[in-house]
Amino acid sequence: MLAKIIAAFRPDPTALRARFLQRFAGKTIIVHDGLSIGWVSELNKEAGGGAHFRIDARNVPDRKPTPIEWVVHQHILPHRLPLPLLVKVSTDQLLIRHLTRNHAPVHPSEIYWMLGEFPERAHLVLTVGGKGFAVTRGIPVSDNAVDFDVAFTEPE
1072 MLAKIIAAFR PDPTALRARF LQRFAGKTII VHDGLSIGWV SELNKEAGGG AHFRIDARNV
1132 PDRKPTPIEW VVHQHILPHR LPLPLLVKVS TDQLLIRHLT RNHAPVHPSE IYWMLGEFPE
1192 RAHLVLTVGG KGFAVTRGIP VSDNAVDFDV AFTEPE
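Right under this line is the structure:
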């Protein structure tokens, strides 16, 4: 009986992950700790720039987090990558790359190119596993160069 009462107040990790993937598979998310109005304005000028879901990581979730709050606060932020982060979500994994260079956010026009460099150039890959995600480290955090000379394929 006590276990059922506790379960009613504790979020179910498997259900949160399933709801997150159902909602965000095929989409991109920008996790940030505050973006300037100018940066967001530039992002919205880019082709598809307004389609990125943005979540402010400074907002701490309640005891019953939403699926995206659970993923961000329990599985992404603990890896301490510089913010903002670009997260490309598929049905079974999250490809993550930070959007900083020289301690400042990159220009929003670079996001399109970064999406084209996934999955080879992700800083972190979270793959569905257990009750959460299995973690694979990718390129070094210090490496965030974009190769504008490579043959480009349309991001999925």
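Residue 1072 is where the sequence shown starts when you use the working numbering, and the numbers rise one by one after that. We put the CB at the ideal spot given by N, CA and C, even for glycine.
(message) Do proline 1155 and valine 1102 count as a contact pair if the criterion is CB distance below 8 Å?
(response) yes
(message) Measuring straight from C-alpha to C-alpha, what distance separates phenylalanine 1219 and lysine 1116?
(response) 20 Å
(message) Is it the case that the segment 1146–1153 contacts the segment 1182–1201, given that we only count it when at least three CB pairs across the two stretches are under 8 Å?
(response) yes
(request) Can you have a look at glutamine 1093 and say buried or exposed, based on whether 16 or more other CB atoms are within 10 angstroms of its CB? (result) exposed
(request) If I'm right that arginine 1129 touches glycine 1105 with Cβ under 8 Å, what's the distance once you round it to whole angstroms? (result) Indeed they touch by this definition, with Cβ atoms about 7 Å apart.
(request) For leucine 1106, name the three-state secondary structure that DSSP assigns. (result) coil
(message) Once the 5 residues before and after tyrosine 1183 are set aside, which same chain residues still bring their CB inside 8 Å of it?
(response) Closer than 8 Å at the Cβ level, and outside the excluded window around tyrosine 1183, lie Glu1117, Ala1118, Gly1119 and Pro1226.
(request) Assuming proline 1082 and lysine 1202 form a contact by the criterion Cβ under 8 Å, report the distance between their Cβ atoms to the nearest whole angstrom. (result) About 11 Å; that fails the 8 Å criterion.
(request) Within its chain, find whatever has a CB closer than 6 Å to the CB of histidine 1123; leave out the 5 residues flanking it on each side and keep chain order. (result) Thr1099 and Ile1101
(request) Go through its chain and collect everything with a Cβ distance to lysine 1159's Cβ below 6 Å, but skip five positions before and after it. (result) Thr1099, Leu1166 and Phe1189
(message) Just to confirm my understanding: we take proline 1179, look at its own chain, exclude 5 residues before and 5 after, and list those with CB closer than 8 Å. What are they?
(response) Trp1110, Glu1113, Leu1114, Lys1116, Glu1117 and Gly1120
(request) Leaving aside the five residues before and after valine 1142 along the sequence, list all residues of the same chain whose C-beta is less than 6 Å from its C-beta, in chain order. (result) Phe1091
(request) Inspect the beta-carbon positions of valine 1199 and arginine 1088 and report whether they are closer than 8 Å. (result) yes
(message) For histidine 1040, list the residues DSSP reports as bridge partners.
(response) Because the chain spans 1072 through 1227 in this model, residue 1040 falls outside it and cannot be assessed.
(request) Let me know if histidine 1174 comes out buried or exposed under the rule of 16 or more other beta-carbons within 10 Å of its beta-carbon. (result) exposed
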